[in-house]
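Under this note's numbering, the first residue of the sequence shown is numbered 293, with each subsequent residue one higher. Beta carbons are placed, not taken as given, at the ideal position from N, Cα and C, and that holds for glycine. Some notes on the structure that comes next.
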Amino acid sequence: MVKLGSFIDKITGRNWKPSSSLATSELIDRIKKMLDFEVRKNGTVKFVPHEIKIRIQWDKFSNAGSLDKLRSEILVAIIDHINDNLYHTYAPLNLEIKPDYFVDGVVLRAGFGEFASGGAELVINLDKNEASAVSTKEQELEKSSYSLLIKYLNDPEGRFIEIPVETGSVISIGRAKENHAVLENPSVSKVHASLKITADGEILISDVGSTNGTFINGERLDIGKAYQLDRDSKLRIGTVELSITLRDRDRETQHDISSVSSGSSFTTLTADQFDIKRGE
């Protein structure tokens, strides 16, 4: 990951509002600066990224309608900015905005997709005033393959399930059958918690708004905040005590983390393939 040094202040600005608020006008201003910074020239023609992804801290918007409105406002502003500056794109604009339980504040990503030609995707975390460039090759190298063993603790039948996951995978846990990990227990909410596999092979967990809570070592987790599961952590979903084993399939080594889920069905997916909703 290559730091952009002196450009950080120029792109992110030092007057960005904290994660407790979201000013659409300021967000649009940062996106415009990001596009200007990423301009590529082909002769006299200037191209800007057409792949723009925005990840927003889960509690900034209360419903999908708010996100739809935000997307419309930003899309119009981007199109106007491109037209006003006589910019071009290699492909139609693809603007994606999603809430994320594992993001603090707002994270912007901009790239040229399949037209990157060895270039880098610009990543900006507005609340942390950080900007970095990650090359396509680096992004591919960051992906690691794991097997996740999930089981109930103290289960006389020794039931478990093994599923393939990779860096960035997000797995939902809850009572509803739509979850990747289904826990058929009345103390578990329909959508209760979410797990994420980090680039370092660690497991993060977030309670997405459950009724009866998610606990690590007896302490109830704050809703929407990501916590790391350590090797000796004791996890409880509602009243269900669980355990996890994460095995690095690339290196064929095993990393045990005491604590987390079991269920009847799982699906392998990447972080962007599942829209997490709050539990009930």
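- Annotated three-state conformation of L445 is coil, per DSSP.
- Around the beta carbon of P341, 16 or more other beta carbons lie within 10 angstroms, which makes this residue buried.
- Boundaries of the alpha helix (DSSP H) harbouring D321: 316-329, taken from the DSSP string.
- In the DSSP assignment, V337 falls within the beta strand (DSSP E) that extends over 337-339.
- According to the DSSP assignment, N334 belongs to the beta strand (DSSP E) that extends over 332-334.
- Nearest Cα to H472 within the set K325, L440, E388, W350: L440.
- Judged by pairs of C-beta atoms under 8 Å, the region 480-500 touches the region 515-532, as three or more such pairs exist.
- Taking C-alpha positions only, F394 is separated from V331 by approximately 30 Å.
- For T459, DSSP records no beta bridge to any residue.
- Annotated three-state conformation of H373 is helix, per DSSP.
- According to DSSP, residue pairing for N471 in a beta bridge does not occur.
- W350 sits close to G516, with the two beta carbons spaced by under 8 Å.
- Using a Cβ distance threshold of 8 Å, I489 and S461 count as a contacting pair.
- Distance between S317 and L327, taken at the CA atoms: about 16 Å.
- Partner residues in the beta bridge of K390, as assigned by DSSP, are R347.
- Judged by beta-carbon spacing, D540 lies within the 8 Å limit of Y438, meaning their Cβ atoms are closer than that value.
- Shortest Cα-Cα distance from T537 to any of A315, G493, G510 involves G493.
- Residue environment for L378: exposed (fewer than 16 other C-beta atoms within 10 angstroms of its C-beta).
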